[in-house]
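Chains as they are written, first to last, in the numbering used here: chain C, 1 to 288; chain D, 1 to 121.
Glycine is no exception: its CB is placed at the ideal position from the N, C-alpha and C atoms.
Quick caveat: nothing in here was measured; it's all calculated off a predicted structure.
The structure appears right after this line, and notes come after that.
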């Protein structure tokens, strides 16, 4: 354990992780862990412990902003967390038994495809009769889970966005596997939560980012407590990190609230593709 | 949009505002403690390379103005904020008698407690 660390690198890392993490509904651990281990020379357990606490403060800060603007779908977040939390525990147990490089490459390729799906594209126009028929079928199926619907005011388009949540059962199943994968591959849950909610459940991107932030708080809380119990959190690393993550998260959440969804989609798709490529390169030992 | 729908959304918006308030107050309290810890560290140049303090050492640590005690309490406060959100949501949904969210909150609370016990064993 190094006796001192470069406070400026620590502050910059925390701010960057908070900004990007809260803007995209991801934790920010993908920035913190590599910097703490590679640039500051901290042992990996200490880096992960500090990163988990940073994710909790990031998620809580982002949620405090998003939920006040009603962007967070509280009921949906709570429901999906019910599958995500046991998934993360199952993944942590599986991690000790499974060899992950092949899985990482497969999942990386899948993430590149999801990044392609998430890129904003022109909607195919349906004929009015097709729209009406689809609507009637959907309304019948939708009645049972209408309690998950949400609405929020979007300042970027200056109007209220009301939306319905589709296929909650599929969302629960994919959330469980998202939890398993996040523990198994050491990636944050947000990178899976956001595509699941936006692509499978058809929730608007801003609502999915805000809801993902809430879910991250629940899933990382347990892990952070375990690392503290095992003595892998040191005050002089975690204290400046928390303060800077908080500042970055406040700014990131405010920017995401005002940004256009299409811009956020481009940023998220780019970030997803870069993370996927890095994961594949690391699994194939091509990163050095 | 019917009248019942409007009432349900207004109730949910009220809960959202309360959760936001709890989170903001919790984060502010935690940051104040952490900043106090950092100031004490700079003033006393006490060693901070040790892990966070165990719960039993917190009160003596506070009395001795130990910087690590302030930072430890700040960190613990942050970690309990998600649980506070869950308990507040459960209490609110119980008060307005919304069956599905009550079940979801109880299941999640049990899952979190069970996963913590399982992993700490």
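Can you tell me whether residue 30/D is buried or exposed? The criterion is at least 16 other CB atoms within 10 Å of its CB, across all chains shown.
Looking up residue 30/D in the second chain gives position 30. Residue 30/D is buried by the Cβ-count criterion.
Residues of the stretch 13 to 34 of chain D whose Cβ lies closer than 9 Å to any Cβ of chain C, in chain order
If the cut-off is 9 Å between Cβ atoms, the stretch 13 to 34 of chain D has 13, 15, 16, 17, 19, 20, 21, 22, 23, 24, 26, 27, 30, 31 and 34 near chain C.
For residue 7/D and residue 238/C, the rounded distance between their alpha carbons:
Position 238 of the first chain, counted from the first residue, corresponds to residue 238/C. Position 7 of the second chain, counted from the first residue, corresponds to residue 7/D. Their Cα atoms are separated by approximately 43 Å.
Quick one: is residue 8/C near chain D, going by C-beta distance under 9 Å?
The count along the first chain starts at 1 and reaches residue 8/C at position 8. Taking Cβ atoms only, chain D never reaches closer than 9 Å to residue 8/C, which makes this a no.
On the DSSP bridge list, what partners appear for residue 156/C?
Walking along the first chain from the start, residue 156/C turns up at place 156. Residue 156/C is not bridged by DSSP to any residue.
Beta carbon of residue 78/D, beta carbon of residue 60/C: below 9 Å?
Residue mapping note: residue 78/D aligns to position 78 of the second chain, counting from 1. Residue mapping note: residue 60/C aligns to position 60 of the first chain, counting from 1. Result yes, Cβ atoms of residue 78/D and residue 60/C sit closer than 9 Å.
Could you check whether the Cβ of residue 123/C sits closer than 9 Å to any Cβ belonging to chain D?
Along the first chain, one-based indexing puts residue 123/C at 123. For residue 123/C, the predicted model reports a pLDDT of 49, less than 50, meaning its position is unreliable; a value from the coordinates is still stated below. Chain D, which has no Cβ nearer than 9 Å to the Cβ of residue 123/C, makes this no.
Could you tell me whether the stretch 146 to 160 of chain C touches the stretch 64 to 74 of chain C, where touching means 3 or more Cβ pairs closer than 8 Å?
Contact between the stretch 146 to 160 of chain C and the stretch 64 to 74 of chain C is present, because at least three Cβ pairs lie under 8 Å.
Please list, in chain order, the residues of the stretch 78 to 102 of chain C that have any C-beta partner in chain D closer than 8 Å.
Result list: 78, 79, 81, 82, 85, 86, 88, 89 and 92.
Could you confirm whether any beta carbon from chain D is found closer than 9 Å to the beta carbon of residue 206/C?
Here residue 206/C refers to the residue found at position 206 of the first chain. It does not: the Cβ of residue 206/C has no partner Cβ on chain D nearer than 9 Å.
Say whether chain D places a C-beta atom closer than 9 Å to the C-beta of residue 202/C.
Here residue 202/C refers to the residue found at position 202 of the first chain. Judged by the 9 Å Cβ criterion, residue 202/C is not in contact with chain D.
Does the distance from the CB of residue 108/D to the CB of residue 218/C come in under 9 Å?
Position 108 of the second chain, counted from the start, is the residue given in the question as residue 108/D. Position 218 of the first chain, counted from the start, is the residue given in the question as residue 218/C. Taking 9 Å as the cut-off, the Cβ atoms of residue 108/D and residue 218/C count as close.
Within its chain, find whatever has a CB closer than 6 Å to the CB of residue 21/C; leave out the 5 residues flanking it on each side and keep chain order.
For the purposes of this step, residue 21/C is taken as residue 21 along the first chain, with counting starting at 1. Apart from sequence neighbours up to five positions away, the residues of its chain that approach residue 21/C with a beta-carbon distance below 6 Å are 27, 28 and 58, ordered along the chain.
DSSP three-state call for residue 150/C: helix, strand or coil?
Translated into positions along the first chain, residue 150/C becomes position 150. Annotated three-state conformation of residue 150/C is strand, per DSSP.
Compare the C-beta of residue 72/D against all C-beta atoms of chain C and say whether one is closer than 9 Å.
Working through the second chain from its first residue, we reach residue 72/D at position 72. Yes, residue 72/D counts as interfacial toward chain C.
Could you give the distance in angstroms between the alpha-carbon of residue 109/C and the alpha-carbon of residue 59/D?
Within the first chain, residue 109/C is the residue found at index 109, counting from 1. Within the second chain, residue 59/D is the residue found at index 59, counting from 1. Roughly 52 Å separates the two Cα atoms.
CA-CA distance, residue 10/C and residue 286/C?
Within the first chain, numbered from 1, the residue matching residue 10/C stands at position 10. Within the first chain, numbered from 1, the residue matching residue 286/C stands at position 286. C-alpha of residue 10/C to C-alpha of residue 286/C: approximately 27 Å in a straight line.
Could you give the distance in angstroms between the alpha-carbon of residue 249/C and the alpha-carbon of residue 214/C?
Translated into the one-based positions of the first chain, residue 249/C becomes position 249. Translated into the one-based positions of the first chain, residue 214/C becomes position 214. Each residue's Cα considered, the two are about 13 Å apart.
Just confirm the distance between the C-beta atoms of residue 89/D and residue 86/C, as a whole number of angstroms; I'd bet it's less than 8 Å.
Looking up residue 89/D in the second chain gives position 89. Looking up residue 86/C in the first chain gives position 86. Not really, about 19 Å apart at Cβ, beyond 8 Å.
What are the boundary residues of the alpha helix (DSSP H) that includes residue 100/D?
By 1-based counting over the second chain, the position of residue 100/D is 100. If you look at residue 100/D, you'll find it in the alpha helix (DSSP H) that goes 99 to 120.
Collapsed DSSP secondary structure at residue 64/D in the structure displayed
Here residue 64/D is taken as the residue at index 64 of the second chain, counted from 1. Annotated three-state conformation of residue 64/D is coil, per DSSP.
Length of the line joining the Cα atoms of residue 18/D and residue 105/C
Position 18 of the second chain, counting from 1, holds the residue named residue 18/D. Position 105 of the first chain, counting from 1, holds the residue named residue 105/C. Between the C-alpha atoms of residue 18/D and residue 105/C there is a straight-line separation of about 43 Å.
Residue burial classification, residue 118/D (beta-carbon count within 10 angstroms, cutoff 16)
Taking the first residue of the second chain as position 1, residue 118/D is located at position 118. Exposure of residue 118/D is indicated by the presence of fewer than 16 other C-beta atoms within 10 angstroms of its C-beta.
Using a cut-off of 7 Å between C-beta atoms, extract the partners of residue 64/C located in chain D.
Working through the first chain from its first residue, we reach residue 64/C at position 64. Within chain D, the residues 20, 23, 24 and 27 have their CB atoms less than 7 Å from the CB of residue 64/C, given in chain order.
State yes or no: is the C-beta of residue 227/C within less than 9 Å of the C-beta of residue 53/C?
Translated into the one-based positions of the first chain, residue 227/C becomes position 227. Translated into the one-based positions of the first chain, residue 53/C becomes position 53. Note that the C-beta distance between residue 227/C and residue 53/C is below 9 Å.
Alpha carbons only, please: which of 19/C, 17/C, 31/C and 23/C is nearest the one belonging to residue 257/C?
Numbered from its first residue, the first chain carries residue 257/C at position 257. Nearest of 19/C, 17/C, 31/C and 23/C to residue 257/C, Cα basis: 23/C.
Which partner residues does residue 163/C have in the DSSP bridge list?
The count along the first chain starts at 1 and reaches residue 163/C at position 163. Looking at the DSSP assignment, residue 163/C forms a beta bridge with 150/C.
By how many angstroms is the C-alpha of residue 201/C removed from the C-alpha of residue 252/C?
The count along the first chain starts at 1 and reaches residue 252/C at position 252. The count along the first chain starts at 1 and reaches residue 201/C at position 201. Taken atom to atom, the span from the alpha-carbon of residue 252/C to that of residue 201/C is near 25 Å.
Listed from N- to C-terminal order along the chain, which residues in the stretch 222 to 238 of chain C have their beta-carbon within a distance smaller than 9 Å of any beta-carbon of chain D?
So the list reads 222, 223, 224, 225, 226, 228, 229, 230, 231, 232, 233, 234, 235, 236, 237 and 238, given in the order they occur along the chain.
Between the stretch 33 to 66 of chain C and chain D, which residues of the former have CB atoms less than 7 Å from a CB of the latter, in chain order?
Under the 7 Å Cβ criterion, the stretch 33 to 66 of chain C contributes 53, 56, 57, 60, 61, 63 and 64.
Taking only three categories from DSSP, how would you classify residue 123/C?
Locating residue 123/C in the first chain gives position 123, where the first residue counts as 1. Bear in mind that the predicted position of residue 123/C carries a pLDDT of just 49, short of 50, making it unreliable; the figure below should be weighed with that in mind. Coil.
Chain-ordered neighbours of residue 105/D on chain C, where CB pairs are closer than 8 Å:
What you label residue 105/D is simply residue 105 of the second chain in a count that begins at 1. Simply 78.
Rounded to whole angstroms, what is the Cα-Cα separation between residue 164/C and residue 39/D?
Counting from 1 along the first chain, the entry for residue 164/C is found at position 164. Counting from 1 along the second chain, the entry for residue 39/D is found at position 39. So the alpha carbons of these two residues sit roughly 49 Å apart.
Starting from residue 71/C, trace the alpha helix (DSSP H) both ways and give me its first and last residue.
Start at 1 with the first residue of the first chain, and residue 71/C comes out as number 71. Note, residue 71/C: premise wrong, no alpha helix (DSSP H); not H, not E.
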